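**Student:** This is the structure I have questions about; it appears just below.
Structure representation (C-alpha cells):
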C-alpha cells in the first residue's frame, strides 16, 4: 500500500523565515492536508475520487471558493480498484486508507470536505450517500489542520 504522508507545516516555517530575515513574505503557498477515510460499515463501499459533471463527488471547499476534487490535489489512496466502476475505489469493512492532499490555497484557510460513496451490498446495496466533514454547513474548526480522519459506510448496514 502506497501512503504519502507529507509535512503540513511547511507553509508556516517558510513564512517564519521571511519574518526573521526581515523580508516581506510572499503570498502564502499551498500546503498539504493528510486525508484519511475509514469504512466503519459492515459492507464494502465505493468512493468516487473525482467530481462528476453535475458537481457530485469527493471534494474540498475552502471558505474563499468553490468545490475542488481531492484528486486534483494529488489525493490518490490505494483502495480496491475495479475498472468497471471507473473513478471509484473500494474500501472493505474496517479498512482505513489515506493520502496527502495539496491545497490550492494557503495553510491558514478553513475548509469543508465532501465524500461520496456507494454501498456494495447489504440492505442499502447500490445506494449513494454523501458525508461532509465537519458538516454540510460548517468549516474545519481551525485553519491549518493537517490531518482529516473521516468515517464512512455506516449507512450501508
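In the numbering used here, the protein residues as written are 1 to 157.
Quick reminder that beta carbons are idealized off the backbone N, C-alpha and C, glycines included.
All values reported here derive from a predicted model rather than from experimental measurement.
The beta strand (DSSP E) that contains residue 104, what's its start and end?
**Tutor:** Residue 104 sits at position 104 when you count from the first residue of the chain shown. Start and end: 96 to 106.
**Student:** Return the first residue and the last residue of the beta strand (DSSP E) that residue 32 is part of.
**Tutor:** Counted from its first residue, the chain shown places residue 32 at position 32. Its beta strand (DSSP E) spans residues 30 to 39.
**Student:** Report buried or exposed for residue 49, applying the criterion of at least 16 other Cβ atoms within 10 angstroms of its Cβ.
**Tutor:** Residue mapping note: residue 49 aligns to position 49 of the chain shown, counting from 1. That one is buried.
**Student:** Could you please give me the residues that DSSP links to residue 138 through a beta bridge?
**Tutor:** Taking the first residue of the chain shown as position 1, residue 138 is located at position 138. Paired residue(s): 135.
**Student:** Suppose you measure from the CA of residue 112 to the CA of residue 141; what does that come to, to the nearest Å?
**Tutor:** For the purposes of this step, residue 112 is taken as the residue at position 112 of the chain shown. For the purposes of this step, residue 141 is taken as the residue at position 141 of the chain shown. Those two C-alpha atoms are separated by around 10 Å.
**Student:** Please return the same chain residues whose Cβ sits closer than 6 Å to the Cβ of residue 37, not counting the five positions on each side in sequence.
**Tutor:** Residue mapping note: residue 37 aligns to position 37 of the chain shown, counting from 1. Correct list, in chain order: 150, 152.
**Student:** For residue 119 and residue 105, I'd like the C-alpha separation in whole angstroms.
**Tutor:** Translated into the one-based positions of the chain shown, residue 119 becomes position 119. Translated into the one-based positions of the chain shown, residue 105 becomes position 105. C-alpha separation (whole angstroms): 33 Å.
**Student:** Please classify residue 136: is it buried, with 16 or more other beta-carbons within 10 angstroms of its beta-carbon, or exposed?
**Tutor:** Reading the chain shown from its first residue, position 136 is the one you call residue 136. Exposed, by the Cβ-count rule.
**Student:** How should residue 34 be labelled, buried or exposed, when 16 other C-beta atoms within 10 angstroms of its C-beta is the threshold for buried?
**Tutor:** In the chain shown, residue 34 corresponds to position 34, counting from 1. It counts as buried.
**Student:** Beta-carbon within less than 7 Å of residue 125's beta-carbon, same chain only, minus the 5 sequence neighbours each way: which residues are those?
**Tutor:** As a first step, residue 125 is located in the chain shown; it is residue number 125 there, counting from the start. Cβ within range, chain order: 119.
**Student:** Any idea if residue 22 is buried or exposed, counting beta-carbon neighbours within 10 angstroms, 16 or more meaning buried?
**Tutor:** Working through the chain shown from its first residue, we reach residue 22 at position 22. Per-residue confidence for residue 22 stands at a pLDDT of 46, beneath the threshold of 50, marking its modelled position as unreliable; no derived number is given.
**Student:** For residue 10 and residue 81, what's the separation of their Cα atoms in angstroms?
**Tutor:** Your numbering for residue 10 matches position 10 in the chain shown. Your numbering for residue 81 matches position 81 in the chain shown. Confidence is the limiting factor: at residue 10 the pLDDT is only 41, short of 50, which leaves the residue's position unreliable and the question unanswerable from this model.
**Student:** How is the beta strand (DSSP E) around residue 149 delimited, first residue to last?
**Tutor:** The residue labelled residue 149 in the question sits at position 149 within the chain shown. Where residue 149 is concerned, the enclosing beta strand (DSSP E) stretches over 147 to 152.
**Student:** Check residue 50 in the structure and name its three-state DSSP category.
**Tutor:** In the chain shown, residue 50 corresponds to position 50, counting from 1. Residue 50: coil per DSSP, three-state reduction.
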